[in-house]
Every structure is written in C-alpha cells, then in structure tokens.
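Engineer: For the protein sequence lines, the chains are L and V, in the order given. In this text, residue positions in the first sequence follow this note's numbering: the first is 1057, and each later residue adds one. In this text, residue positions in the second sequence follow this note's numbering: the first is 4, and each later residue adds one. Sharing a structure, written as structure tokens. Questions coming.
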Amino acid sequence: GAVVSQHPSRVICKSGTSVKIECRSLDFQATTMFWYRQFPKQSLMLMATSNEGSKATYEQGVEKDKFLINHASLTLSTLTVTSAHPEDSSFYICSARQGAEFFGPGTRLTVL
Amino acid sequence: EDQVTQSPEALRLQEGESSSLNCSYTVSGLRGLFWYRQDPGKGPEFLFTLYSAGEEKEKERLKATLTKKESFLHITAPKPEDSATYLCAVLSNFNKFYFGSGTKLNVKP
C-alpha cells in the first residue's frame, strides 16, 4: 500500500507557542490530504481536507485560524497549531488516498 | 444519516479462540468499506477494501466479508500479536469517509 509519513512523532510545547506537523506521501502524489484528531479511546475525527494549491476545507467546529493548513506540493501538507493550549493536546493523524485511505503514523502533541 | 457502528466495543479472546467483529453501516451510496488495524500510539494500518455485497478478502488469520448492511472481520485462531483496535470505515458516493469507533481486541496467551 501507499506510504505516508509524519514528522515529528512526538512534540511537547509550552502553552502559547505554535507547533508545525508535516505530512508526506512518500511513493505517490496526493492532491488532497486529510488531517484527523483522535482522543483517547475514540475514533478519528476529521478536522480538515488539505488541497494542493488552494485553501483547505475545514469541518464544522474546527477553527481555521488555530489550525493552519498548507499544502505546498503534491507530496507535502503541513498543519500548524497556533497559540497552542493544553486542550489542544491530542494525537494528530494525516492521511492521503490512493484507492483506500492510507494514514501516517501520527503525532502526539502535548501542550504544557 | 450516514453512520458506521462497530460492535463489540471491546473483545477479549483466548489465543486460538476464533471470533468475529461487526461493522454496521448506513450510507448514501457505498463506494467502499475499509478495515484498518490501529496499535496504541500509531496511525491506522490498512487491511482490506471491500466494494460490493458478497465480496470476501483474506489476509493471514483475518477474513473480511460484506453484505448490503454490514461487514464482518473474522479472526481465526488469533494470536496475542493480533491484539489491537480494529477500525471500520465506509466511503460514500459523496467521497466522504465515515469511521466507526473501533473494536479493541485483546488476545490472551
């Protein structure tokens, strides 16, 4: 199957700082990538759809100014959590589709 | 309303004890049903895609089946390394994925 990578796998930051998470499709080009958030013992919650060369599409209730998405190339999408707060602590997962949806390994964000 | 429901929420099996996980769905036009395995602290790992009722897919001890209303993931003679959360997702005609909440499988030696 297709390979999607994420970096970093873990990040700890202070409240008020911004954190950038990268998502790369390693063996295929993805005009669209997806960003999910997962709380403990819960399923994936789609946050936004990242579109190469255009603005991201956000799901209802997701703050655009807080979760900045940039899809700079056909293999890279970035999610920046701006002015992070402890309630932003979560597991963030990206994905790209090639037939099925293939997920990155996830990024554990802890905001102190 | 499009939705995916998985049952049971959690399942404990003895090694070698076969069982099935259920994924029930209602969706406006099914383009595909997907099974994933997720280990703690990791992203979901793709297992199977099923496209039409009657279709079956197998991989080692896992076998996925599909009807018009549900899918089953059958686990034959499971081993402790099969312990994980198994997620089901459906892709609708509107190109949207809907995920179930998962079944956490624990296989005891």
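Yeah, the Cβ is synthetic: ideal placement off N, Cα and C, and Gly gets one too.
Applying a beta-carbon distance threshold of less than 7 Å, which residues of chain L neighbour serine 104 of chain V?
Structural biologist: Near serine 104 of chain V (Cβ distances below 7 Å), the residues of chain L are Gln1098 and Ser1099.
Engineer: Glutamate 73 of chain V and serine 27 of chain V - do their beta-carbons sit closer together than 8 Å?
Structural biologist: A contact, by the Cβ cut-off of 8 Å.
Engineer: When you compare only the Cα positions, how much space is there between glutamine 1116 of chain L and methionine 1101 of chain L?
Structural biologist: Between glutamine 1116 of chain L and methionine 1101 of chain L, the C-alpha separation is close to 11 Å.
Engineer: Quick one: any contact between the region 1142–1156 of chain L and the region 1091–1098 of chain L, if contact means 3 or more CB pairs under 8 Å?
Structural biologist: Yes, the region 1142–1156 of chain L touches the region 1091–1098 of chain L.
Engineer: By how many angstroms is the C-alpha of phenylalanine 1095 of chain L removed from the C-alpha of lysine 82 of chain V?
Structural biologist: If I take the Cα positions, the gap works out to 27 Å.
Engineer: Less than 8 Å between the beta carbons of leucine 24 of chain V and valine 93 of chain V, yes or no?
Structural biologist: No. Outside cutoff.
Engineer: Is glutamate 1115 of chain L helix, strand or coil when you go by DSSP?
Structural biologist: If DSSP states are grouped into helix, strand and coil, glutamate 1115 of chain L belongs with coil.
Engineer: Residues of the region 30–54 of chain V in Cβ contact with chain L at a cutoff of 8 Å, in chain order, please.
Structural biologist: Cβ contacts with chain L come from Gly35, Phe37, Tyr39, Gly44, Lys45, Gly46, Pro47, Glu48, Phe49 and Thr52.
Engineer: Using a Cβ-Cβ distance cut-off of 8 Å, determine whether leucine 90 of chain V contacts chain L.
Structural biologist: Yes, because at least one Cβ of chain L sits closer than 8 Å to the Cβ of leucine 90 of chain V.
Engineer: Just tell me which of V/Glu63, V/Asn109 and V/Lys99 has its CA closest to the CA of serine 31 of chain V.
Structural biologist: Residue V/Lys99 is the option with its Cα nearest to serine 31 of chain V.
Engineer: With a threshold of 7 Å (Cβ to nearest heavy atom), would asparagine 1126 of chain L be considered close to the ligand SAH?
Structural biologist: Ligands in the displayed structure: none, and consequently the ligand SAH is not present.
Engineer: Could you give the first and the last residue of the continuous beta strand (DSSP E) run that contains valine 1167 of chain L?
Structural biologist: That run of the beta strand (DSSP E) goes 1163–1167.
Engineer: To the nearest angstrom, report how far apart isoleucine 78 of chain V and asparagine 96 of chain V are at their CA atoms.
Structural biologist: So the two alpha carbons sit approximately 29 Å from each other.
Engineer: Do valine 1067 of chain L and cysteine 1079 of chain L come within 8 Å of each other at the CB atom, strictly closer than that value?
Structural biologist: Result no, Cβ atoms of cysteine 1079 of chain L and valine 1067 of chain L do not sit closer than 8 Å.
Engineer: Around the Cβ of glutamate 1157 of chain L, are there at least 16 other Cβ atoms within 10 angstroms (buried) or fewer (exposed)?
Structural biologist: With 16 or more Cβ atoms within 10 Å of its Cβ, glutamate 1157 of chain L is classed as buried.
Engineer: Does the region 1126–1134 of chain L touch the region 1107–1116 of chain L, meaning 3 or more C-beta pairs lie closer than 8 Å?
Structural biologist: Touching, yes, given that three or more Cβ pairs across the two stretches are closer than 8 Å.
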